[in-house]
Each structure stands twice: as structure tokens, then as C-alpha cells.
Amino acid sequence: MNSYDNNGQINNYNNSYMNEPEQRKIPYVTAVLVAINVVVFLVMEFFGSTESGEYMYAHGASYAPDIFENGQWYRILTSMFMHFGAEHLINNMVMLYILGYQIEENFGRVKYLITYFICGIAGGIISSGIEMITGEYSISAGASGAIFGIFGVLLVMIFKSRKQLGQVSAPRLILLFILMVFGN
Numbered sequence: 187m188n189s190y191d192n193n194g195q196i197n198n199y200n201n202s203y204m205n206e207p208e209q210r211k212i213p214y215v216t217a218v219l220v221a222i223n224v225v226v227f228l229v230m231e232f233f234g235s236t237e238s239g240e241y242m243y244a245h246g247a248s249y250a251p252d253i254f255e256n257g258q259w260y261r262i263l264t265s266m267f268m269h270f271g272a273e274h275l276i277n278n279m280v281m282l283y284i285l286g287y288q289i290e291e292n293f294g295r296v297k298y299l300i301t302y303f304i305c306g307i308a309g310g311i312i313s314s315g316i317e318m319i320t321g322e323y324s325i326s327a328g329a330s331g332a333i334f335g336i337f338g339v340l341l342v343m344i345f346k347s348r349k350q351l352g353q354v355s356a357p358r359l360i361l362l363f364i365l366m367v368f369g370n
């Protein structure tokens, strides 16, 4: 039904589609990434202890000398889905859901998934490269490289648009960054 204002202009505000709340997309990619991480954690925890460096190493955690000297590049990818204990998993998955939801909604599913893997792989290579340079090696795992990369993309998107993006503004993003750094 249309109504008219004082100038005889049509107002469409009574149309039912105008009164419905905006539907947000379900973040399928983010949900699948979280589910994969949780399933990997539960399976690994069922067969051993995810807090054991030896156990994690034996099942594909990142270790710089093996990656660069022995060509075990798969460790960069496998370690992205492994976590040292439940607290590590929960911290990463909460951040992944919060940040991933915003990126997926604004970037699109395919671009988001590609960005997630590029960030995770780049984070693993850079982290392992630094270990090779310093000679200080550690067994590492987690989605932090991908999440920090997603954080960076979201920060750039906010600053480029000069406003908040969905529910995330620059101050909120900085708070999430602090929680992510000190939560891991």
C-alpha cells in the first residue's frame, strides 16, 4: 500500500518488504573452518594429548627445520588445524568466528576462504623462516597465522571505508587484537 506525503510524493514505507529486518547471511565457511578445527582437536585428543609437543609433532605440527631442510611443507597446512589444548582451541575459534563472520559477510565466501588459507600459509612460512634465522626452534600449531591475517584484512577494510564494518569498528578490532595476543 502506498501513501502520499504533503507534496503528493509516494511513500513506500508501508510495503511489507520495507518493514522486515535485514537478513544476515549464515557464515558457512567460518562455521566449516571452526568445525574442522574442533573435529581435528577432538580426534587428536581422543588418541593422545594435544598438550604434548612430541604427540603434536608426530601428527603434523610445524617445526621449521623439518619444513625448510627436509621439505615437509605439509606441516604448514596441517598445523593450521591443530591446537595445543582446549584453551588454545577455544581462544582461536572465538576469534575466528568473530572476525571470520565479518570478513565472510563483506568479502564473500570464496575470497574469504582463499584469504584465510593465504594468511595461514604465509603466517606459517614467516614464523618458520624467523625460527630458521634466529636458530630458536619450537613445535608450533594453531590457526593464529590465518586469524591474524584475517584481522589485518578486516582492519584495512575498516580504515578504507572510514567507518565501522558490520558490528566491528576500529576500537573494537583493537580490543579483539589485545585479547587475541594475550589469550594465546
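Take 187 as the starting number for the sequence shown in the working numbering and just add one per residue.
Every residue gets a Cβ at the ideal spot worked out from N, C-alpha and C, and that includes glycine.
Since this is a predicted model, take the numbers as computed values, not measurements.
- Taking all protein chains shown into account, T236 has 16 or more neighbouring C-beta atoms within 10 Å of its C-beta and is therefore buried.
- Taking the C-beta atoms as reference points, M266 is found nearer than 8 Å to G306.
- L282 and T216 have their C-alpha atoms spaced approximately 7 Å apart.
- Per DSSP, the beta-bridge partners of S248 are S326.
- In the DSSP annotation of this structure, the continuous segment of the alpha helix (DSSP H) that includes N223 starts and ends at Y214 to F233.
- Pairing N278 with S330 gives a Cβ-Cβ distance under 8 Å.
- By alpha-carbon distance to R261, the top candidate from I212, A247 and H269 is A247.
- Within 10 angstroms of the beta-carbon of F233 lie fewer than 16 other beta-carbons, which makes it exposed.
- The continuous alpha helix (DSSP H) containing F293 extends over residues G271 to F293.
- The alpha-carbon of N223 is positioned some 15 Å away from that of I284.
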